[in-house]
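>
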Amino acid sequence: MTTISDLAGEPTYRKFLPADTPVQYLDEAGELTDSHARYPHPDDDRLVEMYRRMVLGRRFDAQATALTKQGRLAVYPSSRGQDACQIAAAMCLRPTDWMFPTYRDSVALAARGVDPVQVLTLLAGDWHCGYDPAALRTAPQCTPLATQLLHAAGVAHGEHLRGTDTIALALCGDGGTSEGDFHEALNFAAVFHAPVVFLVQNNGFAISVPLSRQTAAPSLAHKGVGYGIGSEQVDGNDPIAMLGVMQEAAHYVRSGNGPVIVEAHTYRIDAHTNADDATRYRSSAEVEEWVRRDPITRLETHLRTRGRIDDAVVAAVADEAEAAAADLRARMNADRPVDPADLFRHVYAEPTPQLREQQAQVEAELAAAADNRED
505 MTTISDLAGE PTYRKFLPAD TPVQYLDEAG ELTDSHARYP HPDDDRLVEM YRRMVLGRRF
565 DAQATALTKQ GRLAVYPSSR GQDACQIAAA MCLRPTDWMF PTYRDSVALA ARGVDPVQVL
625 TLLAGDWHCG YDPAALRTAP QCTPLATQLL HAAGVAHGEH LRGTDTIALA LCGDGGTSEG
685 DFHEALNFAA VFHAPVVFLV QNNGFAISVP LSRQTAAPSL AHKGVGYGIG SEQVDGNDPI
745 AMLGVMQEAA HYVRSGNGPV IVEAHTYRID AHTNADDATR YRSSAEVEEW VRRDPITRLE
805 THLRTRGRID DAVVAAVADE AEAAAADLRA RMNADRPVDP ADLFRHVYAE PTPQLREQQA
865 QVEAELAAAA DNRED
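Here our numbering = 1-based position in the sequence shown + 504.
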């Protein structure tokens, strides 16, 4: 590992060259490790807020999963187990920054301030993405793998040309790193010094394909070295490490140092989606091993040890999460008005003759149906 000397003359690890092992501050039991801290330790107030957001996010995720079983959502990709990654992604950004999420990053969107109902609109099968991307500085959730990374690199480059201090954060999974768009985005961002953080949530599987069938690199973070960009790997189930590294990564790219790739080692506890049978490609023992590394439990243990939270705080946060879930449930169970004309809006800037013909046909059928009801 390359080192530099600090002012006291003692060697310290250079930031954003990937370590041989993931950055970690909390062990699996929630105890502080004795590893050397290369990144600033978030203060306790930030960690208490992170704990609150993770609990709210976990309950949102569970409620969304239940809504899928009730037929209110067409599909839902759970991020249970990746809670620290999701919340760190939201907390490291300013309101003026941009987020480019995947289909599995609903909790990150909710933590960023997007209305939970609007977050789930796309997954309910409604048109568009449910929220205003420009107003919220949050791109639509992306289902095709890695295409959003190119968008993030382009937006970040554009902000750099304008002279703003706005950055972009692009999320993807380990499967996305096998796509050509991933490599094009990293190379473009590197060449043009675009202020973008690429967060790879390595949860072990691209649906059923394990990481060992996707890369022979020592880590996904090491791929950044080949492009000449800042790179790091972190324990994605350690909330302190995730928030510390992501905050520093955002500061690093905002300061004009070019892009950074952060690989978070985490795990998808639930199946890929409600349509997936995960028992066909992984064992229950493997899942249970990762359940023991739960990020919420680790941070709660740490904050209790430091006297920053107690039973009353934990109960209050749990009550807040239940109230939010009840509100989401009630609003998602209300039928939303559907306008058939939406089928034809925003398809083309100037509707084609064929589109106008189709619209006229639908309008005629609706009018005929209305007449039949009156008769």
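Every residue, glycine too, gets a C-beta built ideally from N, C-alpha and C. Predicted model, so just to flag it, every value in this text is computed and none were measured.
Please report whether the beta-carbon of A753 lies at a distance below 7 Å from any beta-carbon of chain D.
No chain D is part of this structure, which consists of one protein chain only.
> Apart from the five residues just before and just after H664, which ones in its own chain have a Cβ nearer than 8 Å to its Cβ?
F696, H697, A698 and P699
> Report the partner residues of N837 according to the DSSP bridge assignment.
Beta-bridge pairing links N837 to no other residue.
> Buried or exposed: where does Q652 fall if 16 or more other Cβ atoms within 10 Å of its Cβ makes it buried?
buried
> Could you tell me the distance, in whole angstroms, from the CA atom of L747 to the CA atom of L703?
Looking at the two C-alpha atoms, the distance is approximately 12 Å.
> Quick one: grab the DSSP three-state call for W631.
In the structure shown, W631 sits in coil (DSSP, three-state: anything other than H, G, I, E or B).
> Taking DSSP as the reference, what is the three-state secondary structure of H664?
H664: helix per DSSP, three-state reduction.
> If I measure Cβ to Cβ from A721 and keep anything under 8 Å in the same chain, skipping five residues before and after, which residues do I get?
K727
> Excluding five sequence neighbours on each side, which residues of the same chain lie with their C-beta closer than 6 Å to the C-beta of D531?
Within the same chain, D531 has close Cβ partners T537.
> Tell me which same chain residues have a C-beta within less than 6 Å of the C-beta of Q862, skipping the five on either side of it?
none
> Looking at E683: is its Cβ nearer than 7 Å to the Cβ of S723?
no
> Are P526 and Q737 close, meaning C-beta to C-beta below 7 Å?
yes
> Checking 7 Å against the spacing of the C-beta atoms, do A725 and A689 come in under that value?
Not closer than 7 Å, so no.
> Restricting to Cα atoms, I'd like to know which of P581, R877 and G679 is closest to G708.
G679
> Helix, strand or coil, according to DSSP, for H655 in the structure here?
helix
> With a CB to CB cut of under 7 Å and the five nearest residues on each side skipped, what residues in its chain are close to D548?
Within the same chain, R810 and R812 come within 7 Å of D548 by CB-CB distance, once the 5 residues on both sides are set aside.
> Could you tell me which of Y852, Y543 and A533 sits nearest to L521, measuring between CA atoms?
Y543
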